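Chemist:
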Amino acid sequence: MSASAIASASNADLLERRRAAVSAGVASSTAVYAERAENSEVWDVEGRRYIDFAGGIAVLNVGHRHPRVMEAVQRQLERFTHTAFQVLAYEPYVALAERLNAIAPIEGSAKTIFFTSGAEAVENAVKIARAATGRPGVIAFTGGFHGRTVLTSGLTGKVAPYKRMFGGAPANIFHAPFPIEAHGVSVADSLRCLDFLFAADLHPSSVAAIIIEPVQGEGGFHPAPDALMSALRAICDTHGILLIADEVQTGFGRTGRMFGCEHWIVRPDLITVAKSLAGGFPLSGVIGRATLLDMVEPGGLGGTYGGSPVACAAALAVLDVMEDEGLCARANAIGARLRERIAAFAGRNDLVPTRGLRGPGAMIGFDVVTADGRPDGVGAKAVAARALERGLILLTCGVHGETVRILSPLTIPFDQLDEGLDILEDSLRLDVA
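Read in order, the letters of the sequence shown are residues 484 to 916 in this note's numbering.
#1: Exposed or buried, what is Asp914 when buried is set at 16 or more other beta-carbons lying within 10 Å of its beta-carbon?
#2: For Phe681, name the three-state secondary structure that DSSP assigns.
#3: Exposed or buried, His658, counting other C-beta atoms within 10 Å across all chains shown (16 or more means buried)?
#4: Is it true that the CB of Ser689 sits closer than 8 Å to the CB of Gly637?
#5: In three-state DSSP terms, what is Lys646?
#6: Which first and last residues belong to the alpha helix (DSSP H) in which Cys719 is found?
#7: Quick one: which unbroken alpha helix (DSSP H) runs of 4-plus residues sit fully inside the stretch 742 to 789? Chain order, please.
#8: With a threshold of 8 Å, are at least 3 pairs of Cβ atoms found where one atom belongs to the stretch 522 to 533 and the other to the stretch 734 to 745?
#9: Does Glu499 come out as helix, strand or coil in the three-state DSSP assignment?
#10: Applying the 10 Å Cβ sphere with the 16-neighbour rule, what's the burial state of His705?
#11: Let me check understanding here. Comparing Cα to Cα, which of Thr595, Glu664, Thr879, Gly734 lies closest to Arg772?
#12: Can at least three beta-carbon pairs, one atom from the stretch 837 to 855 and one from the stretch 812 to 820, be found at a separation below 8 Å?
#13: What separation, rounded to the nearest whole angstrom, lies between the Cα atoms of Ala829 and Arg838?
#14: What residue range is occupied by the uninterrupted alpha helix (DSSP H) comprising Asp905?
#15: Should Val801 and Leu840 be called a contact, given that it needs their Cβ atoms to be closer than 8 Å?
#16: Identify, in the order they occur along the chain, each residue of the same chain with its Cβ nearer than 6 Å to the Cβ of Gly790, setting aside the five sequence neighbours on each side.
#17: How many angstroms separate the CA atom of Gly650 from the CA atom of Thr632?
#18: Under the DSSP definition of a beta bridge, which residues are partnered with Ala593?
#19: Under a Cβ-count criterion, where at least 16 other Cβ atoms within 10 Å of its own Cβ denotes burial, should Glu780 be classed as buried or exposed?
#20: Out of curiosity, what's the CA-to-CA distance linking Pro896 and Ala865?
#21: Beta carbon of Gly630, beta carbon of Gly601: below 8 Å?
#22: Is Arg469 near Ile589, with beta carbons less than 8 Å apart?
#23: Consult DSSP for Tyr576 and reduce its assignment to one of helix, strand or coil.
#24: Assign Ala492 to one of three DSSP states: helix, strand, or coil.
#25: Just the C-alpha distance for Pro662 and Thr733, rounded to the nearest angstrom, thanks.
#26: Taking Gly539 as part of the alpha helix (DSSP H), name the residues at either end of that continuous run.
#27: Could you pull the start and end residues of the beta strand (DSSP E) that Ile534 belongs to?
#28: Under 7 Å Cβ to Cβ from Leu634, same chain only, skipping five residues before and after it: list those, please.
#29: Do you know how far the Cα of Leu497 is from the Cα of Ser485?
#30: Just how far apart, CA to CA, sit Val756 and Cys795?
#31: Would you say Ile727 and Ala692 are within 8 Å of each other, going by their C-beta atoms?
#32: Checking 8 Å against the spacing of the C-beta atoms, do Ser910 and Ala854 come in under that value?
#33: Roughly how many angstroms separate the alpha carbons of Ile622 and Gly809, rounded to a whole number?
#34: List the whole-angstrom C-beta distance separating Leu725 from Leu753, where the pair is believed to meet the contact cut-off of C-beta under 8 Å.
#35: Helix, strand or coil: how does DSSP classify Leu810 here?
#36: Is Arg873 helix, strand or coil when you go by DSSP?
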């Protein structure tokens, strides 16, 4: 099909073509088809404009098509697009590893390896942990999201839709409850369940790693409490277990710091990164203690497209933008503006009931609830649908789908942020619900 025919298609036309051509297994939260985007704005194929509070699911911390990222990519495209790092290596890969090793919150010397997707990063972090410890077991947390491969969907702490149709989980994966006070689970409860797990199912000497998100993404934007992290670090140190911080969604300024785990009072052994690392280009990686990453024999890790030279060039530009534009500080400023406005929604009798405003930096979520305070996933989805009709791209998440999450670019102009909040407020009104 020609480019002109594609440009003239409507959202409805493309939806029908999609239904005939694309697997039903991949879902989209909207029926909108993008035509172009700039920073925090997107235009669909029918020319309609949207404010983007989704950021490609936390991929666009520096916004759509940041000029410095596009310039870096263009320069790399003029040189070469692919050699496979395992065949002919190249400087952007090495330079990016050097940059990340210097800023990652890892104790001692760090090293990095690159892949393509977040799930690949998590899967390879597990491989590194198993190689370094000689142990098979991995512990994750309920509500956590770590990917959709067979291994990473096993780590993911949610059955539907990530596990339900795909058989049993891989062996040697276990879950502990993530502490969420609003759900009646305390840090003490989580640690008690870990004790039960060690007593009933696997000895700590069989555990290679514990993996946890600094702030749960799909699970509802719940930060990991300091008390939990201190206890996990102590458990890991006592038993020779590695602590993995899954920073695929929290990394690169989203939480107001370069890495979400910088909010913890402890340090992880391995960090997985992806999403906003390369400003919209596919790139992921594992950063960790150098001694751990060197435990795998040559050839044991890698991938044909891992550490694409184009994506590495984009990522180097992203790090420059993060530093030069002060995007960690700007995330905190955006978050403060979001929290002030959203906090005023709670308790209003003309709006859908909400509660539980939370999240560090610009990783902000709140829950839509019923009149009697129960999680309302249907209501949250309806709010997102009304927002889309009014020109705001908004996502939901949470154990029951009740959480509205905001992942706007950190480069969003404040007038557009306020415009999006106006639309959100209007979408919460009971007289349009």
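Heads up, the beta-carbon is just placed ideally off N, CA and C, and yes, glycines get one too.
Note that the structure is predicted; figures quoted are calculated from it, not measured.
Modeler: Checking against the coordinates, here is how it stands:
#1: exposed
#2: helix
#3: With 16 or more other Cβ atoms within 10 Å, it is buried.
#4: Taking C-beta atoms as the reference points, Gly637 and Ser689 fail to come closer than 8 Å.
#5: coil
#6: 709 to 722
#7: 773 to 776
#8: With a cut-off of 8 Å, the stretch 734 to 745 and the stretch 522 to 533 do not count as touching, because too few Cβ pairs lie within range.
#9: helix
#10: Buried: at least 16 other Cβ atoms inside 10 Å.
#11: Among Thr595, Glu664, Thr879, Gly734, the Cα nearest to that of Arg772 is on Thr595.
#12: Output reads yes: the stretch 812 to 820 touches the stretch 837 to 855.
#13: Here the alpha carbons of Arg838 and Ala829 stand approximately 6 Å from one another.
#14: DSSP places Asp905 in the uninterrupted alpha helix (DSSP H) bounded by 897 to 910.
#15: Taking 8 Å as the cut-off, the beta carbon of Val801 is found no closer than this to the beta carbon of Leu840.
#16: Phe568, Tyr576, Phe597
#17: About 12 Å.
#18: Arg772
#19: exposed
#20: 27 Å
#21: Yes; because the gap between Cβ atoms is below 8 Å, this pair is in contact.
#22: There is no way to answer for residue 469, as the model of the chain reaches only from 484 to 916.
#23: helix
#24: In the structure shown, the three-state DSSP call for Ala492 is coil.
#25: 18 Å
#26: 538 to 541
#27: 532 to 535
#28: Glu606, Val609, Pro653
#29: In this predicted model, Ser485 has a pLDDT of only 49, less than 50, meaning its place in the structure is not dependable; the value taken from the coordinates is given anyway. Looking at the two C-alpha atoms, the distance is approximately 14 Å.
#30: Val756 and Cys795: Cα-Cα distance of roughly 13 Å.
#31: yes
#32: Their beta carbons are not under 8 Å apart, which means Ser910 does not touch Ala854 by this criterion.
#33: If you take the alpha carbons of Ile622 and Gly809, they lie about 36 Å apart.
#34: 6 Å
#35: helix
#36: coil
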